[in-house]
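Working notes for the structure below.
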Amino acid sequence: MLEEIYQIYYEKIQHYFQKRVGDEYQAEDLTQDVFVKVFLALPKTKPDDFERWLFTIAKFTLYDFYRRKRYLLVAEEVDTLMQEIPIEDQDSLEKEEALRHVNQLPNKLRHPLILAIRGYSYQEIAEILNLTLSTVKSRVFQARKQVKSRWSHG
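Quick note on numbering: the sequence shown equals residues 1 to 154 in the UniProt record's numbering.
Below you can see the structure in the form of structure tokens.
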């Protein structure tokens with residue numbers, strides 16, 4: 001039974017992580033973590049909706065990963081950032097400059113902004129960072145404002 005679960009769900013879980021962390025090796029590690037948790041829990045648990053239960057474990061494994069991680073914007077995410085924060089003269093901006101501006105933000109602003117750039121909802125960011133929804137909205141707004149201000153002033 002365990003081997004069957006592994007064969008059916010392994011690629012789905014790995015794809016879930018790959019899409020969210022963007023690193024094949026990290027996605028592999030997180031996928032392995034999920035299956036260890038699942039295999040340890042299965043003898044004690046009989047979930048009604050197995051797939052939903054499995055993806056809940058994956059979601060919280062990802063949240064734990066992000067709680068332990070230092071958030072830095074990577075070059076591949078700059079285009080998304082530039083779409084999110086409209087600047088009048090984007091042609092003059094260098095990706096390295098954008099990376100520097102974001103990565104120099106204080107952690108409390110940088111972390112929620114980077115998660116937002118990575119496509120997480122404000123509610124998910126609140127759960128990952130253990131903050132209230134209104135705090136997340138405020139910090140993402142402030143981070144965008146500071147980045148835009150830094151870009152405007154060189």
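All C-beta atoms, glycine included, are put in the ideal place defined by N, C-alpha and C.
Asked	Found
Where in the stretch 98 to 128 do unbroken runs of the beta strand (DSSP E), each at least 3 residues long, occur, reported from the N-terminal end onward?	none
From what residue to what residue does the alpha helix (DSSP H) around K37 run?	E24 to A41
Can you look up D64 in the DSSP assignment and give me helix, strand or coil?	helix
Can you look up L81 in the DSSP assignment and give me helix, strand or coil?	helix
Does DSSP put K19 in a helix, a strand or coil?	helix
Closest to L109 by C-alpha separation, out of G119, E51, L2 and K145, would be which residue?	K145
Could you check the C-alpha separation between A126 and K148 for me, to the nearest Å?	23 Å
By how many angstroms is the C-alpha of E4 removed from the C-alpha of K44?	18 Å
Using only CA atoms, which one of G119, H111 and I117 lies nearest to T135?	H111
Going by DSSP in three states, K137 sits in which element: helix, strand or coil?	helix
Check whether the Cβ atoms of residue 222 and F17 sit closer than 8 Å, and answer yes or no.	The chain is shown from 1 up to 154; residue 222 falls before or after that span and cannot be answered.
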